[in-house]
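Notes for the one structure printed next.
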Amino acid sequence: MAINLQKGQKIDLRKSTGEALTNFCVGVNWGAIETVKSGFLGFGSKKVVEDVDLDLSCVMLNSNGDLVDWIYSPDYNAWLSKNNMPLGKLTSKDGSLRHSGDDRQGDVGGDDGLDNEIISVNLNSIDQQVDKIFFFLNIYLNQGQNFDFEQIPFAKIRMYEGTPTRVDNVHSNFDIVTDASYKGKGALILSKLYKKNGEWKFDAIGDPSDDKMFVHTIQRILESYK
Ligand SMILES: [Ca+2]
Ligand SMILES: [Ca+2]
97 MAINLQKGQK IDLRKSTGEA LTNFCVGVNW GAIETVKSGF LGFGSKKVVE DVDLDLSCVM
157 LNSNGDLVDW IYSPDYNAWL SKNNMPLGKL TSKDGSLRHS GDDRQGDVGG DDGLDNEIIS
217 VNLNSIDQQV DKIFFFLNIY LNQGQNFDFE QIPFAKIRMY EGTPTRVDNV HSNFDIVTDA
277 SYKGKGALIL SKLYKKNGEW KFDAIGDPSD DKMFVHTIQR ILESYK
């Protein structure tokens, strides 16, 4: 049975058999914004779909809270390079974390049951000095996107065994409720994997913020969450 996580809940990474969960996917599933625009006197009503481009990223920190490695979109590399910041990439240096690639729309016509962006994790090959991994989600900075997390119909994070296109066994689900408290918020610190007494554990965070760009979310994590 999959565990349904509440905000702030901490869990062990163990399968129902008791064995450690070491190879899994961290996936985020979300929907596009669909509204019905009514025409003159009710004639010509039509459904309007607004694409929702969210970006799943993560940072890997050592026990002092210093940045060791990261996964975030290479789409910003021209800007990052101009500002002397580390360039985006979709695989960690140790090969233990791999991003499935950019989804720029979200599900149209309701939840399709598959995750839109996924980071595959192999805890056995993570660089020894990594102590915490934070996962976070940002609304892609684009002039065409003028919405916040309150308007997105659903957003969920889960951990499961399988691949980005095949779900074998769901370990845990974390429904991020997009309610009024998410108004104006463009970023979400989702969760962290962390080592305690040599064993990896998971913490469902779910904190929204009004960061305009993922670099601000990274800064927030380094300052307040390490
Ligand atoms: Ca995206
Ligand atoms: Ca989906």
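Here my numbering is used: the first residue of the sequence shown is 97, the next is one more, and so on. Note that CB positions come from ideal geometry on N, CA and C, so glycine has one too.
Item, Value
"State whether the segment 231-243 contacts the segment 281-289, with contact taken as three or more CB pairs (one from each stretch) at a distance under 8 Å.", "yes"
"Please say whether residue 201 and residue 148 have beta carbons closer to each other than 8 Å?", "yes"
"Could you check where the alpha helix (DSSP H) with residue 177 kicks off and where it finishes?", "173-178"
"Any residues whose CB sits closer than 5 Å to a heavy atom of ligand 2? List them in chain order?", "125, 203, 208, 210 and 212"
"Would you identify the three-state DSSP class for residue 276, choosing helix, strand or coil?", "helix"
"As an exercise, report each continuous beta strand (DSSP E) stretch of at least 3 residues that is fully enclosed by the segment 227-283, in chain order.", "228-235, 251-259 and 262-272"
"Return yes when the C-beta of residue 236 is under 7 Å from any heavy atom of ligand 1, and no when it is not.", "yes"
"Would the segment 158-167 and the segment 263-273 be scored as touching if the rule is three or more Cβ pairs under 8 Å?", "no"
"Which residue or residues does DSSP assign as beta-bridge partners of residue 133?", "142"
"What whole-angstrom Cβ distance do residue 170 and residue 161 have, given they're in contact under 8 Å?", "Not really, about 25 Å apart at Cβ, beyond 8 Å."
"Checking 8 Å against the spacing of the C-beta atoms, do residue 207 and residue 280 come in under that value?", "no"
"Which runs of the beta strand (DSSP E) fall wholly inside the segment 293-322 and span at least 3 residues, in chain order?", "295-305"
"With contact counted as at least three CB pairs below 8 Å, one residue from each stretch, are the segment 111-124 and the segment 213-220 in contact?", "yes"
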